[in-house]
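Right, one structure below, let's go through it.
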Amino acid sequence: MCRLAMKTAITPFSPYSVISAMEAMQEGYDGSGLGLLLRGVNFADYKYQAGDPILSGIAHTDSSLQRLNAFMEANGYALKYDHEFDVNPALVEAKDRYKYFLRVYRLPDTFKDFSQTQIDEQLMLTRLALRADGEQHGGDLTAFSFWPDVAMIKEVGWPLEVGQALGLNDNRITSRICMAQGRQNTNYGINLYACHPFFIQGIATMTNGENTAFVPIREYLSGMHYPGYMGYQSDSEVFAHILHFVVNQLKLPLQAYKHVITPLKTDELLHHPQGAFLKGLRDACRRLIIDGPNCVMGTLPDETTIMVMDTKKMRPATIGGKPGEWALASEICGVDAMIPDRDKSLDFQPMRENTVIVPPDRQEYTIWSQFDQFPQHQAA
Amino acid sequence: MVSIRSISSTPSSLTYHDLPWIVEHSEDRCTLCGRCTSVCPTEAIYLAYRRQRMPKLDLLQKKRGSDYRTFVGIRQRTDLDHRCIGCGMCSMVCPNEAIGPQVNANDERAHFHSYQKGDAGKRGGRRNDRTSLLDQISFNRISMLTDPALDAGRHEFHMNTLLGRILPPAEYIRRQAAGEWIPPVREIFPFIIGSMSFGALSPNMWLGLLQGVAYCNEVLGIPVVMCTGEGGCPPWVLKSPFLKYIILQIASGYFGWDEIIRAIPEMQCEPAAIEIKYGQGAKPGDGGLLMWFKVSKLIARLRGVPEGVDLPSPPVHQTLYSIEESVMKMIQTMSMAWDFKVPVYPKISGSTSAKSVLNNLVRNPYASALLIDGIDGGTGAAYDISMNATGHPIASNVRECYLDLVAQGKQNEIPIFAAGGVGKNGNPVQNGMALIMLGASGVHMGKYIMQAAAGCLGSEKNRCNVCNLGICPKGITSQSPKLYRRLDPDQVAQRVVDVFMGLRIEMKKCMAPLGRSQSLPIGMSDALGIGNKDAADLLKIKYTC
Ligand code: SF4
Ligand code: SF4
Chain A
35 MCRLAMKTAI TPFSPYSVIS AMEAMQEGYD GSGLGLLLRG VNFADYKYQA GDPILSGIAH
95 TDSSLQRLNA FMEANGYALK YDHEFDVNPA LVEAKDRYKY FLRVYRLPDT FKDFSQTQID
155 EQLMLTRLAL RADGEQHGGD LTAFSFWPDV AMIKEVGWPL EVGQALGLND NRITSRICMA
215 QGRQNTNYGI NLYACHPFFI QGIATMTNGE NTAFVPIREY LSGMHYPGYM GYQSDSEVFA
275 HILHFVVNQL KLPLQAYKHV ITPLKTDELL HHPQGAFLKG LRDACRRLII DGPNCVMGTL
335 PDETTIMVMD TKKMRPATIG GKPGEWALAS EICGVDAMIP DRDKSLDFQP MRENTVIVPP
395 DRQEYTIWSQ FDQFPQHQAA
Chain B
833 MVSIRSISST PSSLTYHDLP WIVEHSEDRC TLCGRCTSVC PTEAIYLAYR RQRMPKLDLL
893 QKKRGSDYRT FVGIRQRTDL DHRCIGCGMC SMVCPNEAIG PQVNANDERA HFHSYQKGDA
953 GKRGGRRNDR TSLLDQISFN RISMLTDPAL DAGRHEFHMN TLLGRILPPA EYIRRQAAGE
1013 WIPPVREIFP FIIGSMSFGA LSPNMWLGLL QGVAYCNEVL GIPVVMCTGE GGCPPWVLKS
1073 PFLKYIILQI ASGYFGWDEI IRAIPEMQCE PAAIEIKYGQ GAKPGDGGLL MWFKVSKLIA
1133 RLRGVPEGVD LPSPPVHQTL YSIEESVMKM IQTMSMAWDF KVPVYPKISG STSAKSVLNN
1193 LVRNPYASAL LIDGIDGGTG AAYDISMNAT GHPIASNVRE CYLDLVAQGK QNEIPIFAAG
1253 GVGKNGNPVQ NGMALIMLGA SGVHMGKYIM QAAAGCLGSE KNRCNVCNLG ICPKGITSQS
1313 PKLYRRLDPD QVAQRVVDVF MGLRIEMKKC MAPLGRSQSL PIGMSDALGI GNKDAADLLK
1373 IKYTC
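This is how it looks when you write it as structure tokens:
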């Protein structure tokens, strides 16, 4: 099965350190792939300007790359920086990788008068258009993300080898957050898009486990006809979309995520300070209740990090670290690999009611319990 | 000698070899106690004198002759009104195991004789068709990739469902903030005791059911609800705290509604819901009928009618022109009567127009659910043709409706409940969970409950099925104290409790291997498989063989 590793630190670090943590947990996955999300990106050879969107993906042929260029140009995006990976093709399992791209663009001038929501919408639609273009051409173009400050890399193979193949140990890219997952798709086919982390409008999650409620949830999300709620090559993709739905669409506080995916029981809600509101929320969102053993880790555009468990707490997960840097992993050896010199008494393994939140200041993490007061003024 | 004239040879004369059930009687064990004949609901058997030849052979005198003896034996009547219905009551009471009905293995000719006195055959009870598509569905999405995740015996499962209109999340949050009306929602057990009216059931039967339901709720914490069917509800129940476990049904006869409306000021709690009946699975598009011999004093009082008259409900709600209008007005009126605190929903028969009714409800802010009753659903009295051949099977009907809601992103905003043949072959959980995974939020079952909780003798082989005649041999569906005294309400209650505890175990046994425990697997169609390609394609589930 898969293993998760994530590090968040004030000082940017190399993704290779997180890949090493994956190596520490090597017995937990089959090495079928690696997915990485970097947030708060720093390039050694380029001064990245906050707010510029970064496009991540793979062009499998020269012609797809040209189509990509034409498309971006036609839509008014100007290329500012094109990161060249130091690829060692011998270490790449797949043979149809023409170019891994990680490119910084400038927003089109036409966006000048757009509200932030409109810009966000456009960025998402652009990514979806590129993805659709690739799918129309036999899958020759893969677009993982298009968002400021976010870079994504996904590839088939043993995680450490993928890291070496793409030269991720050369320190040319560093970031303040790095999410990594050893890939294994539960029950559904293998596909690059099926690889965690999943991404939508700056929100990303990855999961260790299985979501047995996938089909009804997918049907519900698809039924909303929101363009970004698509894909679903993996049963875990819905976790990212639910987080997006709760935070971006319903505009609820982050804590509501746990109440939506794993609501409390009726008896428990009867004793909850905002039981009535939460019971209604549970009913209204009951189609989004997840099931199966799961540990979900996610990050938000403001560099907040979260970790939640399913109601049965049947997957392991630990957070540990020190002020300024925290590591979250499926297993303690993963945390050890990322931050060995920490005070281990601060390690914490969340239980079924917990959401672990590392705020952007990263001074300490909070353990929020579902039984606690819910930070929603309307509900008071 | 029997004279040739006394042999009946009219067009409709039958011998017992022509009847669906043949009573076998072993004379050597029979002690002529007469219990069988006195208990037989159709008086199919009677004690009669018989004559037997005793051959006499006197070897010494080389003389042969015959003696005759007369003795008392049991005979079977062969006219259709008194035909043996195979209920087996005779064998149940016989102290010597000397009698019992046997299914006629021959082609029975009785079918050709059913139009008697110009009327078509009718019966109470079942469709008499063993096949059930629901019985063929298996649950097979079992993940072996992650560890076998759940233990049905030890883990906690959330098995309740919601009855009531569910707002879209954003709308819920908006109304909460604005302090606006939020539609009432009940958390109930997904297996619901379907509508069987207090006229159809005997007083002992419904008392037993109610006691059992109350015990499930109050002691076991299983929120079982039961529906009254048309015909009101006894006043003491209306004013009792048990009302919250009861779905009150209103149908086109409006029987019993005066009493209900008058009792509102004295109600201690609200009913679980109001069900407006437009149709039922058996005899869709036809009205209801309580025959005169079931209209006892008590029933007459509950329904506000004179004793001993036939009580037909018209097929339509006569005061309204269209189902849209009807649904709209009745739902609104009923919601208003209880201050918008009680879910109100219609029950329709499975039909090709179910989808339109559903879409109509989606647009009605007060509609709380839709109950679709498929062709296997039962009724107390119906023409054979309605029972056997009129209506729409439930599985594809529910699936179609659910997928229609899915396409609109509105699944479970209007929960769909399904009925019609759930548990007809004794597999209620398999049938019910299959319907739930096809998209139903819960299922109603009536006949299964009668069989399991009260020992109803009816089967899908045309056994018994005289519920409509007021002669139910078990006392379940008769209003005659002589008969219903046979049924002990306490024992019915006990059985109701047994049944629901058992259902719960089986539900867990279904859900655990699928890895579901946090919510009912509504619409979890990826878990379903069937070895029938056409059914699989139609239901959009896996074809497995
Ligand atoms: S089986 Fe029932 S109907 Fe037939 S003879 Fe026996 S008691 Fe009468
Ligand atoms: S036992 Fe009673 S309820 Fe059951 S089929 Fe016979 S008459 Fe009907």
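Order-wise, the sequence lines are chains A and B. Numbering of the first sequence is given in the working numbering, commencing with residue 35 and proceeding in unit increments. Numbering of the second sequence is given in the working numbering, commencing with residue 833 and proceeding in unit increments. Where is the CB? At the ideal position from N, CA and C, for every residue including glycine. Computed from a predicted structure; not experimentally measured.
Query	Result
What would DSSP say about Gly1274 of chain B, mapped onto helix, strand or coil?	strand
Name the chain A residues whose beta carbon is nearer than 9 Å to that of Ile1354 of chain B?	Pro250, Arg320 and Arg321
Looking only at C-alpha atoms, which of B:Ile1373, B:Tyr900 and B:Leu889 sits nearest to Arg883 of chain B?	B:Tyr900
Could you tell me if the beta carbon of Thr874 of chain B falls within a distance shorter than 7 Å of some heavy atom in ligand 2?	no
State the CB to CB distance for the pair Thr1211 of chain B and Gln1112 of chain B, rounded to an integer number of angstroms; the pair is presumed to be in contact (CB under 8 Å).	6 Å
Is there at least one Cβ from chain A nearer than 8 Å to Leu1122 of chain B's Cβ?	no
Just checking: is the beta-carbon of Arg1195 of chain B within a distance shorter than 8 Å of some beta-carbon in chain A?	no
With 8 Å as the threshold, decide whether the Cβ of Asp317 of chain A is near any Cβ in chain B.	yes
Going by other Cβ atoms of all chains shown within 10 Å of its Cβ, with 16 needed for buried, is Cys1342 of chain B buried or exposed?	buried
Identify each residue in the region 1020-1043 of chain B for which the Cβ-Cβ distance to at least one residue of chain A is less than 9 Å, and report them in chain order.	none
Expressed to the nearest angstrom, what Euclidean distance is found between the alpha-carbon atoms of Gln948 of chain B and Arg955 of chain B?	14 Å
Compute the minimum distance between the beta carbon of Trp1089 of chain B and the heavy atoms of ligand 1, and state whether it is under 7 Å.	no
Using a threshold of 7 Å, is the CB atom of Cys868 of chain B nearer than that to any non-hydrogen atom of ligand 1?	yes
If you pair each beta-carbon of the region 1102-1122 of chain B with each one of the region 1059-1068 of chain B, do three or more pairs fall below 8 Å?	yes
On the criterion of 16 or more Cβ atoms from any shown chain inside 10 Å, does Pro1138 of chain B qualify as buried, or is it exposed?	exposed
If you draw a straight line from the C-alpha of Ser970 of chain B to the C-alpha of His230 of chain A, how long is it?	32 Å
Can a CB atom of chain B be found closer than 8 Å to the CB of Asp325 of chain A?	yes
Any heavy atom of ligand 4 closer than 7 Å to the Cβ of Met1282 of chain B?	Judged by which ligands are present, ligand 4 is missing from the structure shown, whose ligands are ligand 1 and ligand 2.
Check the Cβ-Cβ distances between Tyr1110 of chain B and every residue of chain A, and say whether any is below 8 Å.	no
For chain A, is any of its Cβ atoms less than 8 Å away from the one on Ala1239 of chain B?	yes
Under the criterion of a Cβ to heavy atom distance below 7 Å, does Ile1025 of chain B qualify as lining ligand 2?	no
Within the same chain, show all residues whose beta-carbon is closer than 7 Å to that of Gly920 of chain B, passing over the 5 residues directly before and after it, in chain order.	Gly932, Pro933 and Leu1289
On the criterion of 16 or more Cβ atoms from any shown chain inside 10 Å, does Glu988 of chain B qualify as buried, or is it exposed?	exposed
Please return the same chain residues whose Cβ sits closer than 6 Å to the Cβ of Gln412 of chain A, not counting the five positions on each side in sequence.	Reliability fails at Gln412 of chain A, whose pLDDT of 49 lies under 50, so the model's placement of it is uncertain and the value that follows must be treated cautiously. No residues qualify anywhere along the chain.
Pull up the distance between the alpha-carbon of Leu1121 of chain B and that of Tyr1215 of chain B, whole angstroms please.	11 Å
Determine the chain B residues that contact Phe311 of chain A at a beta-carbon separation under 7 Å, and present them in chain order.	Gln1008
My assumption, with CB atoms under 8 Å, is that Ile237 of chain A sits in contact with Val281 of chain A. Please give the rounded CB distance.	7 Å
Do you know how far the Cα of Asp860 of chain B is from the Cα of Tyr881 of chain B?	16 Å
Residues of the region 342-363 of chain A with a CB closer than 7 Å to any CB of chain B: list them in chain order, please.	Thr345, Lys346 and Met348
Going by other Cβ atoms of all chains shown within 10 Å of its Cβ, with 16 needed for buried, is Trp1124 of chain B buried or exposed?	exposed
Looking at Val1174 of chain B and Pro1016 of chain B, is the spacing between their C-beta atoms short of 8 Å?	yes
Determine whether the Cβ of Ser790 of chain B lies closer than 8 Å to any Cβ atom of chain A.	Outside the displayed span of chain B (833 to 1377) sits residue 790 of chain B, for which this structure offers no information.
Under a CB-based cut-off of 8 Å, is Ala414 of chain A close to chain B?	In this predicted model, Ala414 of chain A has a pLDDT of only 38, less than 50, meaning its place in the structure is not dependable enough to derive any value.
Helix, strand or coil for Gln1243 of chain B, going by three-state DSSP, please let me know.	strand
Taking C-beta pairs closer than 8 Å, name the residues in chain A that Leu1346 of chain B reaches, listed in chain order.	Thr246
Assuming Thr239 of chain A and Val330 of chain A form a contact by the criterion Cβ under 8 Å, report the distance between their Cβ atoms to the nearest whole angstrom.	6 Å
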